[in-house]
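Taking the numbering used here, the leading residue of the sequence shown gets 27, the next gets one more, and so forth.
Note that CB positions come from ideal geometry on N, CA and C, so glycine has one too.
Just so we're clear, the structure is a prediction, and the values are computed from it rather than from any experiment.
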Amino acid sequence: MDARGEDDDRAGGHEHHHNKQEQEEQQQEQEHQEQEQAGQGAYVPVLYASQTGTAQDTAGHVSRTLIRHHLSSAAIAMDAFHVGRLLELPVVIFVVATSGQGEAPDNMKKTWRFLLRKSLPPDSLQHLHFAVFGLGDSSYPKFNFVGKKLFKRLLSLGATPLTPIGLADDQHPLGVDGALMPWIETLLTAIRPLFPQPLSRPPIPGDKLLPPVANVIQLSADEHATLTYQQQQQQPFERPHNEAAPSRRTPARVPIKLNQRMTPEDHFQDVRHVVFDVSSANLPYAPGDVLYVMPENTSESVDAILDWFGVDGAMLVRVQVDDEAVATSLPALPDRLSFRDLLTHYLDIQAVPKRYFFEILASFAADEMQSEKLREFTAAEGQEARYDYVNRMKRTAIEILRDFLSAKGRVPVAYAADMFGFMQPRAFSICLQSAGLNTKTFLHAGEIHTAVAIVNYRTRMATPRRGVYTNWLKTLQPDTMFVFGNRNAAADFLYGDEWRALEHRGLLTLVLAFSRDQEHKVYVQHKMREHAGAIYSAIARGAYILLAGSSGNMPKQVREAFVDIIQQEGGKTAKEAEAMVKDMERTGRYTCETWD
């Protein structure tokens, strides 16, 4: 009774709240149009080279600063930007990280190879004004090596620097912001003579939110109806048939062959031997290579974000990015997907949030004190406070949202991608074993072996933390799941020793349902629902289902369980879940062998 009463009150309050939110969104749309008009004119791209996402976030901040000063700008991965445009534009800003031991990030290597061509004349870029901001760590010997090399190479090609190179240091008490804020002020002063008209106007105030770059748009019923059958069946990270090899934008889904703990169960460190089956993927590798892995967010964290936005995870959305180069810098997204899938597979909802997260949150916080505190975190003078509150304590986005509840349910879904950002692939070393001396052949062809240390620790607040990537890998099991059901284990577990041996070797996951070994009946479909998350994950990765057993009610009940699991775990409607199972049946991915 009480729970229903609360729901009724909440539902009644929602109508008034949504009307108010619609008015706010209309007002914001008008402001966005004015801001877009103000930003038209001189185009100053901010090109970034980023391995973990920090340089990308920094480039986004620089780009938004330029837009607030009435310049047109976008943050774009260097290799997604047509290098020929460097010969046309008067000003280009570069934000580059140094990864590893002085290595260039992957998303600038193509552009860097072009700039290093000996055939380029020394006056190739004499028309270009540029600025370089480097991100590095002074604890490494080649501190900001890539940024320094890029700065020198642009000089050698005749380009004119707007400012001295900016060098951010991870060891600075304020991290990147220690160098970034003063560098931006110097950049604005240096760029003003080149664009006197827009920069002579007062900047767009910081409390006026800019339009989203990656706009999450809810599909209307009419838009959904126009989708083709193929578009409706698209899965997260589904790769185009003409894609030659996996990439950061379109990673390949591969099966797990083994996931075995190597350290004793009572040892404090859980280290796993994880084997990926890449025999069907176009994924060549050599000594020194690393394997990049994209994880999934936990269902608990996704549920928390859905509750905070106050929306249904089954809501269908598309992510619209108007700038083609910016879109190419982001993961390749399906034409439409559920909001739950967007949160599960793409958005970085479990990370320590960046500055723009607070800027968006501040714009929608209803409580004035909370709004002021959030704005303090985005201002130059508030960086130490933000560092103490966020970085020092490693607070996650979800924990911060719980501290600023006056913004709950008020932030439009349109800002979700800009607010959290996209997850970045994480590198894991590949373990290789040669087939013999003086040979380039390796054992375990078609497999990639890795050693993964599972990350678990406590913050200064004694809050437990679980590494998103390693703990996701820990949950992965070989993709063969065998669900066996019969009357009782003692008499009916046929080939039981063999099945258990296969499970012990890590070759399958064994799920048992013996209906008569307890007071209440337990059937296969009951056990399936207990493992719903793993089953749906396998289906989303293209699993094949083989059903064998007696005819009658069992096949129907098992099929109903699959439909329920797809609907529940995939955020699908009943109609969509049924369509997925029918498509699996039509394409041979769902096969039944039954007898009387």
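| request: For glutamine 152, write down the residues that DSSP places opposite it in a beta bridge. | output: Answer by DSSP bridge pairing: none, since glutamine 152 is not bridged.
| Straight-line CA distance for methionine 507 to leucine 528? | 11 Å
| field | the stretch 333-349 in contact with the stretch 283-291 per 3-pair CB rule at 8 Å | value | no
| Near leucine 534, what residues of its chain come up, given a Cβ to Cβ distance below 6 Å and the 5 sequence neighbours on each side ignored? | Pro504, Thr506, Phe508, Leu528
| said: Given a cut-off of 7 Å on the beta-carbon distance, is the pair leucine 317 and isoleucine 474 in contact? | reply: yes
| task | Within 10 angstroms of the Cβ of glycine 472, are there 16 or more other Cβ atoms? Answer buried if so, exposed if not. | result | exposed
| field | Residues near alanine 392 by beta carbon distance below 8 Å, same chain, minus five either side | value | Ser432, Ala433, Arg436
| request: Excluding the 5 residues preceding and the 5 following alanine 157 in the sequence, name in chain order all residues of the same chain whose CB lies nearer than 6 Å to its CB. | output: Ile119, Leu188, Thr189, Leu213
| What residue ranges within the stretch 361-418 form continuous alpha helix (DSSP H) runs of no fewer than 4 residues, ordered along the chain? | 365-371, 381-390, 394-404, 409-412
| Spatial distance of isoleucine 230 from histidine 96 (CA atoms) | 8 Å
| said: Would the stretch 128-141 count as touching the stretch 169-188 if we require 3 or more Cβ pairs under 8 Å? | reply: yes
| request: Indicate whether the contact test is met: 3 or more Cβ pairs, each with one atom in the stretch 444-452 and one in the stretch 365-384, closer than 8 Å. | output: yes
| said: For leucine 161 and alanine 406, what's the separation of their Cα atoms in angstroms? | reply: 18 Å
| When you compare only the Cα positions, how much space is there between tyrosine 521 and arginine 531? | 16 Å
| task | Would you please state the rounded distance, in angstroms, between the beta carbons of glycine 192 and alanine 205? I believe it to be under 8 Å. | result | 6 Å
| Pair within 7 Å by beta-carbon distance, phenylalanine 159 and glycine 128 | no
| task | May I ask which residues mark the beginning and end of the beta strand (DSSP E) holding proline 490? | result | 490-492
| request: Verify whether the separation of the beta carbon atoms of serine 76 and alanine 130 is less than 7 Å. | output: no
| field | Own chain partners of alanine 351 with C-beta closer than 6 Å, once the 5 adjacent residues on each side are dropped | value | Ile102, Ala106, Phe107
| Any idea if phenylalanine 294 is buried or exposed, counting beta-carbon neighbours within 10 angstroms, 16 or more meaning buried? | exposed
| For valine 202, three-class secondary structure by DSSP | coil
| field | Sequence ranges, beta strand (DSSP E) only - wholly within the stretch 541-618, length at least 3 | value | 571-576
| request: Please state if the CB of proline 321 and the CB of valine 494 are separated by a distance shorter than 7 Å. | output: yes
| field | Extent of the continuous alpha helix (DSSP H) to which aspartate 83 belongs | value | 80-94
| query | Do the CB positions of alanine 558 and isoleucine 591 come within less than 7 Å of each other? | reply | yes
| said: Can you list, in chain order, the residues of its chain with a C-beta nearer than 8 Å to that of aspartate 315? Leave out the 5 residues immediately preceding and following it. | reply: Ile456
| task | Return the CA-CA distance between glutamate 55 and valine 537, expressed in angstroms with no decimal places. | result | At glutamate 55 the pLDDT is 48, less than 50, meaning the model places this residue with poor confidence; the figure from the coordinates comes in the next sentence. Answer to the nearest angstrom: the Cα atoms are 53 Å apart.
| query | In terms of residues, what are the limits of the alpha helix (DSSP H) holding glutamate 524? | reply | 522-530
| field | Complete alpha helix (DSSP H) runs within the stretch 109-174 (minimum length 4 residues, chain order) | value | 135-141
| field | Alpha-carbon to alpha-carbon, methionine 445 and isoleucine 243 | value | 14 Å
| What's the C-alpha gap between lysine 234 and arginine 90? | 12 Å
| query | Tell me which same chain residues have a C-beta within less than 8 Å of the C-beta of glutamate 402, skipping the five on either side of it? | reply | Gly408, Ala411, Arg412
| request: Indicate whether the contact test is met: 3 or more Cβ pairs, each with one atom in the stretch 604-621 and one in the stretch 556-573, closer than 8 Å. | output: yes
| task | Check whether the Cβ atoms of proline 148 and tyrosine 441 sit closer than 7 Å, and answer yes or no. | result | no
| Spatially closest choice to methionine 207 from Ala85, Pro222, Tyr166, Leu154, by CA coordinates | Ala85
| query | What's the gap between the Cα of methionine 610 and the Cα of asparagine 308? | reply | 25 Å
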